[in-house]
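Report on one structure; see the data block that follows.
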Amino acid sequence: MAQRIFRTIGLTKIYDTGKVKVHALDGVDLDLYEGELTVLLGPSGSGKSTLLNILGGLDNATSGQVWFRETELTGMRDRDLTAYRRDHVGFVFQFYNLVASLTARENVQLVTDVSRNPMQPAEALALVGLDARLDHFPAELSGGEQQRVAIARAIAKRPEVLLCDEPTGALDSKTGVQVLEALKIVNEQLGTATIVITHNAMIRKMAHRVLRFQDGRLGPVEVNDTRLSPAEIEW
Ligand code: ADP
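Residue numbers (my numbering): 1 to 235.
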């Protein structure tokens, strides 16, 4: 039985913009497990990014509790939350945020230079299938290749958790599949618990666990006994 990596109880996030209060998360109870690839589905505005940001220590809950293993994140001081993020979490966003003047290898090196037990940049890039692109600049890479550099950068510090917000959102199906392959390899070879937000409901077929959100609430959780490979996923 896999160990639990995250638990939330009654997790609530209210954005108070003065005129209106938005319940972005409305009492979410969930458990996520080590080594699993989890997909978060739900319409725009249903609370997926808010959840990801709280799990990653980028944002605070309004009420309720979040644990990373035995450590409670809710109520942590900012300094401790920053250390948690630095030591345990990698992020991948829809847009790759690479430094245009640095090569793929140098972009990854920005992280490995300040990490405790990092991979070599070349090793991280090889893992995502970019061994032949080490010295290319972002402008010389396709969108999918740039996203794979971003994945290599996120995992080079060997985080236990990889949080991905619409990682294929800007990609066509062919390059999107390559990005999903890279996420699958990271999940399988490094054992990184991977959480992926997507609008593409087909991607749920490659997940161990599927969470559906609606209006800040979590619906029934789906666990897949058999999974499709990224190449089998229709866009
Ligand atoms: P999703 O990722 O599913 O699209 P979000 O978590 O981004 O949903 O947003 C959930 C709800 O919270 C939405 O109604 C959104 O408009 C609102 N929201 C998100 N961030 C903010 C913010 N910084 N200020 C005010 N409202 C926000």
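Just so it is clear, CB atoms sit at the ideal spot from N, CA and C, and this is done for glycine as well.
Exercise. If you compare alpha carbons, which of Gly27, Pro220, Glu166 is closest to Ile195?
Worked result: Checked all of Gly27, Pro220, Glu166; the closest Cα to Ile195 is Glu166.
Exercise. Got a sec, what are the start and stop residues for the alpha helix (DSSP H) Thr82 sits in?
Worked result: Where Thr82 is concerned, the enclosing alpha helix (DSSP H) starts and stops at 78-88.
For this session: Report the residue from Val99, Ser115, Thr62 whose alpha carbon sits nearest the alpha carbon of His88.
Result: Looking at the Cα atoms, Ser115 is the closest of the given residues.
Exercise. Enumerated in chain order, which unbroken segments of the beta strand (DSSP E) with a length of 3 residues or greater are wholly contained in the stretch 22-84?
Worked result: Considered as a whole, the stretch 22-84 harbours 37-41, 63-68 as its complete beta strand (DSSP E) runs of no fewer than 3 residues, in chain order.
Exercise. Out of curiosity, what's the CA-to-CA distance linking Lys13 and Ala132?
Worked result: CA-CA distance, Lys13 to Ala132, rounds to 44 angstroms.
Exercise. Say the cut is 8 angstroms; is the CB of Thr17 nearer than that to a heavy atom of the ligand ADP?
Worked result: Relative to the ligand ADP, the beta carbon of Thr17 is positioned inside 8 angstroms of a heavy atom.
For this session: Return yes when the Cβ of Ile54 is within less than 9 angstroms of the Cβ of Leu32, no when it is not.
Result: Against a cut-off of 9 angstroms, the Cβ pair of Ile54 and Leu32 comes out as no contact.
Problem set entry | Arg153 to Gly129 span [Cα, whole Å] | Answer to the nearest angstrom: the Cα atoms are 13 angstroms apart.
Problem set entry | Identity of the residues DSSP links to Val92 by a beta bridge | Partner(s): Cys164.
Problem set entry | For Arg116, three-class secondary structure by DSSP | Coil at Arg116, not helix or strand.
Exercise. Per DSSP, Asp16 is paired with what?
Worked result: Answer by DSSP bridge pairing, in chain order: Lys21.
For this session: Taking 5 angstroms as the limit, tell me which residues put their C-beta closer than that to any heavy atom of the ligand ADP, in chain order.
Result: Every residue with a CB closer than 5 angstroms to a heavy atom of the ligand ADP is listed here in chain order: Tyr15, Val22, Ala24, Ser44, Gly45, Ser46, Gly47, Lys48, Ser49, Thr50.
Exercise. Among all the DSSP beta bridges, which residues are the ones paired with Thr198?
Worked result: Partner residues in a beta bridge of Thr198, as assigned by DSSP, do not exist.
Exercise. So which of Gly191, Tyr96, Thr62, Arg209 has the shortest CA-CA distance to Leu141?
Worked result: When only C-alpha atoms are compared, the closest one is Tyr96.
Problem set entry | contact_flag[the stretch 2-16, the stretch 167-180] where n(CB pairs < 8 angstroms) is 3 or more | They do not touch, by the three-pair rule.
Exercise. By Cβ distance below 6 angstroms, which residues in the same chain neighbour Val22 in space, the five residues on each side in sequence not counted?
Worked result: In its chain, beyond the 5 residues on either side, Tyr15 have a beta carbon closer than 6 angstroms to the beta carbon of Val22.
Problem set entry | First and last residue of the uninterrupted beta strand (DSSP E) at Val179 | For Val179, no beta strand (DSSP E) encloses it; the enclosing alpha helix (DSSP H) starts and ends at 173-185.
For this session: For the beta strand (DSSP E) containing Val210, list its first residue and its last residue.
Result: Its beta strand (DSSP E) spans residues 209-214.
Exercise. According to DSSP, what are the bridge partners of Arg4?
Worked result: Per the DSSP secondary-structure output, Arg4 pairs in a beta bridge with Tyr33.
Exercise. Would Gly56 pass as a contact of Ala2 if the rule is Cβ separation under 9 angstroms?
Worked result: Against a cut-off of 9 angstroms, the Cβ pair of Ala2 and Gly56 comes out as no contact.
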